[in-house]
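Residue 110 in this note's numbering sits at position 44 of the sequence shown, and the numbers go up by one each step.
No residue lacks a Cβ here, since even glycine has one placed at the ideal position from N, Cα and C.
Structure record follows, encoded as structure tokens.
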Amino acid sequence: MSKSSNKQSRIQRKKKEKSKTKSVAKKRLPSLSPALRFVLLFILSLAVLGLAYSHLTAKYHDNLLWLMDTTATACGFVLSVFSNGAHYSGKYVSYNGFSVEIIDECTGLLEMVIYLAAVIAFSASIRKKLIGIVAGVPAIYLFNVLRIIVLLIAGSMSKRIFDFMHLYFWQATLILMIATVWVGWLYLVVYREKKPVAVSS
67 MSKSSNKQSR IQRKKKEKSK TKSVAKKRLP SLSPALRFVL LFILSLAVLG LAYSHLTAKY
127 HDNLLWLMDT TATACGFVLS VFSNGAHYSG KYVSYNGFSV EIIDECTGLL EMVIYLAAVI
187 AFSASIRKKL IGIVAGVPAI YLFNVLRIIV LLIAGSMSKR IFDFMHLYFW QATLILMIAT
247 VWVGWLYLVV YREKKPVAVS S
């Protein structure tokens with residue numbers, strides 16, 4: 067056997083050993099499941115967006131007054147369609163004598179931050195994520211307006227009912243609202259399959 071053939075065989079042997087070493091290393095490295103990957107990315111995204119939300123709302127609080135006024139106006143307008151007892155001015159809205167002040171926590175911004183973190187963390191194309199953001203954020207806002215209206219109606223009936231619902235109903239619907247919009251995005255956008263187009267013969 068010639069020296070060149072021995073050299074080639076040694077090179078091939080080394081390549082095989084390297085490939086075996088890489089395959090063993092890949093087997094040893096644990097691969098993250100899609101669910102665990104989503105949870106980790108969600109926590110990371112929520113932490114980053116949450117810090118940005120806290121910083122920006124504290125620094126530019128006065129710039130959010132228009133959103134508070136708009137939310138109060140939206141709630142008052144919807145109630146005025148069904149009753150003459152609704153009144154709204156600035157960031158205040160009242161129904162049948164029961165009045166509330168809309169603050170930044172009532173605008174749905176925090177809920178939008180949580181929803182955005184869930185959309186960003188999920189494995190989907192950039193286009194589908196953009197659709198989820200563009201369609202989901204207004205949906206979150208509308209759901210939030212509906213929540214405030216329900217609380218106003220409850221407050222007009224009893225202050226005790228309002229306190230109870232503000233403590234428990236508000237928190238429960240926060241989770242339900244975000245989950246509903248997010249699952250709707252998954253069902254209508256992410257997992258939506260294109261129907262085959264029938265071709266006439």
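Asked, Found
"For SER111, which of helix, strand or coil comes out of DSSP?", "helix"
"Can you check the region 148-194 for any beta strand (DSSP E) of at least 3 residues that lies completely inside it and give the ranges in chain order?", "152-155, 158-161, 164-167"
"Which residue marks the beginning of the alpha helix (DSSP H) containing MET243, and which one marks its end?", "236-251"
"Do ALA152 and TYR161 have their C-beta atoms closer together than 8 Å?", "yes"
"Does the Cβ of MET223 have 16 or more other Cβ atoms within 10 Å, making it buried, or fewer, making it exposed?", "exposed"
"Report buried or exposed for TRP132, applying the criterion of at least 16 other Cβ atoms within 10 angstroms of its Cβ.", "exposed"
"Do you know whose CA, among ASP135, LEU107, TRP251, lies nearest VAL203's CA?", "TRP251"
"Taking the CB atoms as reference points, tell me whether VAL256 and ALA190 lie closer together than 8 Å.", "yes"
"Can you have a look at LEU233 and say buried or exposed, based on whether 16 or more other CB atoms are within 10 angstroms of its CB?", "exposed"
"Report the residue from LEU254, SER97, ALA113 whose alpha carbon sits nearest the alpha carbon of LYS195.", "LEU254"
"Quick check on ALA113: buried or exposed, where buried means 16 or more other Cβ atoms within 10 Å of its Cβ?", "exposed"
"Under 8 Å: do the region 161-177 and the region 210-230 share three or more Cβ pairs, one atom per stretch?", "yes"
"ARG226 lies in the alpha helix (DSSP H); which residues open and close that run?", "225-230"
"Would you call the region 175-186 in contact with the region 232-249, where contact means no fewer than 3 C-beta pairs closer than 8 Å?", "yes"
"Excluding the five sequence neighbours on either side, which residues of its own chain have a C-beta within less than 6 Å of the C-beta of ALA140, listed in chain order?", "VAL211"
"Which whole-angstrom value describes the C-beta separation of PHE164 and GLY221, a residue pair presumed to lie in contact below a C-beta threshold of 8 Å?", "4 Å"
"Roughly how far, in whole angstroms, is the beta-carbon of LEU218 from the beta-carbon of VAL166, given that I think they are within contact range, below 8 Å?", "6 Å"
"Can you tell me the Cα-Cα spacing of ARG258 and LEU110, whole angstroms?", "27 Å"
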